[in-house]
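Q: Take a look at the following structure, please.
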Amino acid sequence: MLKDELSKQIIESLKSGNSVRVSTLRLLASALHNEEIAKQAQLSNDDEVVIIKRQLKQREEAVEAYEKAGRTESAEKERSEGEILKEFLPEQIGENELSDIVNKAIEESSAHSMSDFGKVMSAVMAKVKGQADGKLTSELVRAKLSGG
Numbered sequence: 025m026l027k028d029e030l031s032k033q034i035i036e037s038l039k040s041g042n043s044v045r046v047s048t049l050r051l052l053a054s055a056l057h058n059e060e061i062a063k064q065a066q067l068s069n070d071d072e073v074v075i076i077k078r079q080l081k082q083r084e085e086a087v088e089a090y091e092k093a094g095r096t097e098s099a100e101k102e103r104s105e106g107e108i109l110k111e112f113l114p115e116q117i118g119e120n121e122l123s124d125i126v127n128k129a130i131e132e133s134s135a136h137s138m139s140d141f142g143k144v145m146s147a148v149m150a151k152v153k154g155q156a157d158g159k160l161t162s163e164l165v166r167a168k169l170s171g172g
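Per the numbering used here, the very first residue in the sequence shown carries number 25; after that it's consecutive.
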């Protein structure tokens, strides 16, 4: 279970004095705990991945905001926190493999135009289950449905 792994890594990071890692892991543990309380049930692996991705997206948005404001030090901190969070995500599917999955989903759903976008996206996302970036998947589906 992820919570046990987080606890172990927090202790290791405390011993090694890595304060950025400690705070990032604690924030993730807190987010998982809060979601568990809200659901009033144990989280599934899929739920945990969704929460980690949400945390990662927050870091990526913060990096952009800090860079626009010229605060490179804060942006770097957020970027390193994002790298720590990525360690807990399942291995991502490569672009070539994702392209094959998109092609197969288009074939299976008999999609021909952009009006079939939602149908294809839901089929692809069900197959990749958190192992592919939604933005990249969306771009691939759009390109293939619009004749690319």
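Using N, Cα and C, we set each Cβ at its ideal position, and we do this for glycine too.
The model shown is predicted, which means the values in this text are computed figures rather than measured ones.
Could you please give the first and the last residue of the uninterrupted alpha helix (DSSP H) stretch that includes PHE141?
A: First-last of the alpha helix (DSSP H) with PHE141: 141-152.
Q: What's the C-alpha gap between VAL44 and SER123?
A: Rounded to the nearest whole angstrom, the C-alpha separation of VAL44 and SER123 is 36 Å.
Q: For GLN116, name the three-state secondary structure that DSSP assigns.
A: coil
Q: Do you know whose CA, among ASP70, GLU59, LYS159, lies nearest ASP113's CA?
A: One point to set straight first is that residue 113 is Leu, not Asp, in the sequence displayed. Nearest of ASP70, GLU59, LYS159 to LEU113, Cα basis: ASP70.
Q: Would you tell me roughly how many angstroms separate the C-alpha atoms of GLU163 and ASN127, rounded to the nearest one?
A: 13 Å
Q: I'd like the ranges of any alpha helix (DSSP H) spanning at least 4 consecutive residues and lying wholly in the region 56-97.
A: 69-92
Q: My output table needs one value for LYS111: the three-state DSSP class, helix, strand or coil.
A: The question names Lys, yet the displayed sequence has Glu at residue 111. In this structure, GLU111 counts as coil in the three-state DSSP scheme.
Q: What is the DSSP secondary structure of GLN155, counted as helix, strand or coil?
A: coil
Q: Could you check whether THR161 and MET138 sit closer than 8 Å to each other, using their CB atoms as the reference points?
A: no
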